[in-house]
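Visitor: Residue numbers are given in our numbering: position 259 of the sequence shown equals residue 670, and the series is strictly consecutive.
C-beta: ideal position from N, C-alpha, C; glycine also.
Below is the structure I would like to discuss, written out as structure tokens.
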Amino acid sequence: MRILFIGDIVGRPGREVVAAELPGLVDRLKLDFVIANAENAAGGFGITRAVASDLFAIGIDVLTSGNHWLDQREILAFIDDEDRILRPRNYPARTPGRGANVYQAKTGERVLVVNVMGRVFMDALDDPFAAVDQELSACPLGEGADAIVVDVHAEASSEKMGMGHFCDGRASLVIGTHTHVPTADAQILPGGTAFQLDAGACADYDSVIGMDKEEPLQRFTTKISGGRMKPADGPATLCGVYVETGPRGLAARIDPVRVGGRLKQTIPGV
Ligand SMILES: [Fe+2]
Ligand SMILES: [Fe+2]
412 MRILFIGDIV
422 GRPGREVVAA
432 ELPGLVDRLK
442 LDFVIANAEN
452 AAGGFGITRA
462 VASDLFAIGI
472 DVLTSGNHWL
482 DQREILAFID
492 DEDRILRPRN
502 YPARTPGRGA
512 NVYQAKTGER
522 VLVVNVMGRV
532 FMDALDDPFA
542 AVDQELSACP
552 LGEGADAIVV
562 DVHAEASSEK
572 MGMGHFCDGR
582 ASLVIGTHTH
592 VPTADAQILP
602 GGTAFQLDAG
612 ACADYDSVIG
622 MDKEEPLQRF
632 TTKISGGRMK
642 PADGPATLCG
652 VYVETGPRGL
662 AARIDPVRVG
672 GRLKQTIPGV
């Protein structure tokens, strides 16, 4: 199975680069399943119904999220009925929405997607390792699912690497999100799970993690907030990873993807 995971889509520039580049990537890489983290898709903060519909219409099968999933309160009106949107699995049990689900790829094969959030330098949620363990045990790779993707939305590199090893041999891909910068460590771990510490964002990289530079610099240099952050509006780079699964659903290949905008470009050769 050929899977593309797209990192945090930030505002309109992020949505525009995904709309412009995804159809070409689907053709070129013969993609069977596309996942994107959309926690920053609506003006940099959260997900609206309209934004989600647009992202589904351009060929994304599932939207994951993170600490910003609830920034647009309207999501509460539809998250229980929209099983293509995930919020972190390790929120309190009574939180609306879901953090894991099984989907069908173009090939007809089953893909389990799990979204969890880290706890280091982040809100105190339930244990993300226990949450992932429950999902992987309930739906084992090669039995309940033909491929498994875990989006670990976390600040600390240590916690994300830990999650990679924790899932090694039980997931096709463990991919980090949240820090909005692609890391150069794409690898297949010893047990056969593909891993990259952070997918990067779909954002204008002439920015501070996708946001217009002025406001964060003012806050860093004066500790005075000048108002709301807004996405930097120059041309964005689509960042993500491409994964091919092999025997038993484990990874046969992982390649970083960076298309458009300022970052050095890389598209997997076919
Ligand atoms: Fe984000
Ligand atoms: Fe985040």
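Assuming Glu655 is part of the alpha helix (DSSP H), what are its boundary residues?
Guide: Glu655 -> not in any alpha helix (DSSP H); beta strand (DSSP E) instead, spanning 649-656.
Visitor: Just verifying my parser: in three-state terms, what is the DSSP assignment at Ala558?
Guide: In this structure, Ala558 counts as strand in the three-state DSSP scheme.
Visitor: Which same chain residues, not among the five before or five after Lys634, have their C-beta less than 6 Å away from its C-beta?
Guide: Within the same chain, Lys634 has no close Cβ partners at all.
Visitor: Over what stretch of residues does the beta strand (DSSP E) that includes Leu383 continue unbroken?
Guide: The requested residue 383 does not occur in the structure, where the chain is confined to residues 412 to 681.
Visitor: Considering Cα atoms alone, identify which of Ser583, Asp537, Ala468, Pro667 is closest to Val524.
Guide: Looking at the Cα atoms, Ser583 is the closest of the given residues.
Visitor: If Arg495 and Val473 are in contact, beta carbons under 8 Å, what's the gap, nearest whole angstrom?
Guide: Sure, about 5 Å apart at Cβ, within 8 Å.
Visitor: Looking at the secondary structure, which residues open and close the beta strand (DSSP E) in which Pro503 lies?
Guide: No beta strand (DSSP E) contains Pro503, which DSSP labels as neither H nor E.
Visitor: Report the option in Ile490, Met533, Val560, Ala662 whose CA atom is closest to the CA atom of Arg521.
Guide: Arg521 has its Cα closest to that of Val560, out of Ile490, Met533, Val560, Ala662.
Visitor: In this structure, what does DSSP give as the bridge partners for Arg521?
Guide: DSSP, once it has assigned bridges, lists Gln515 as partnering Arg521.
Visitor: Taking its Cβ as the centre, do 16 or more other Cβ atoms sit within 10 Å of Gly553, making it buried, or is it exposed?
Guide: The residue in question, Gly553, is exposed, as its Cβ has fewer than 16 Cβ neighbours within 10 Å.
Visitor: Quick check on the burial criterion: 16 or more other C-beta atoms within 10 angstroms. Buried or exposed for Val429?
Guide: Label assigned to Val429: buried.
Visitor: How long is the line joining the alpha carbons of Ala643 and Cys613, rounded to whole angstroms?
Guide: Distance between the alpha carbons of Ala643 and Cys613: 11 Å.
Visitor: Could you check what DSSP says for Gly587 in three-state terms: helix, strand or coil?
Guide: The answer is strand: DSSP assigns Gly587 an E or B state.
Visitor: Specify, as a first and last residue, the run of the beta strand (DSSP E) that Val670 falls within.
Guide: Element bounds for Val670: 662-670.
Visitor: What's the C-alpha gap between Leu600 and His576?
Guide: The alpha-carbon atoms of Leu600 and His576 are separated by roughly 7 Å.
Visitor: My output table needs one value for Phe467: the three-state DSSP class, helix, strand or coil.
Guide: Phe467 falls in the helix class under three-state DSSP.
Visitor: Distance, Cα to Cα, Pro667 vs Ser568?
Guide: Pro667 and Ser568: Cα-Cα distance of roughly 18 Å.
Visitor: Name the one or two DSSP bridge partners that Arg413 has.
Guide: Answer by DSSP bridge pairing, in chain order: Glu655.
Visitor: Identify, in the order they occur along the chain, each residue of the same chain with its Cβ nearer than 6 Å to the Cβ of Leu674, setting aside the five sequence neighbours on each side.
Guide: Cβ neighbours of Leu674 beyond the five flanking positions: Tyr616, Thr648.
Visitor: Measuring straight from C-alpha to C-alpha, what distance separates Ala516 and Phe444?
Guide: Between Ala516 and Phe444, the C-alpha separation is close to 5 Å.
Visitor: I need the straight-line Cα distance from Gly660 to Ser636, nearest angstrom please.
Guide: Between Gly660 and Ser636, the C-alpha separation is close to 48 Å.
Visitor: Could you compute how far the alpha carbon of Gly645 sits from the alpha carbon of Gly454?
Guide: Rounded to the nearest angstrom, the two C-alpha atoms are 14 Å apart.
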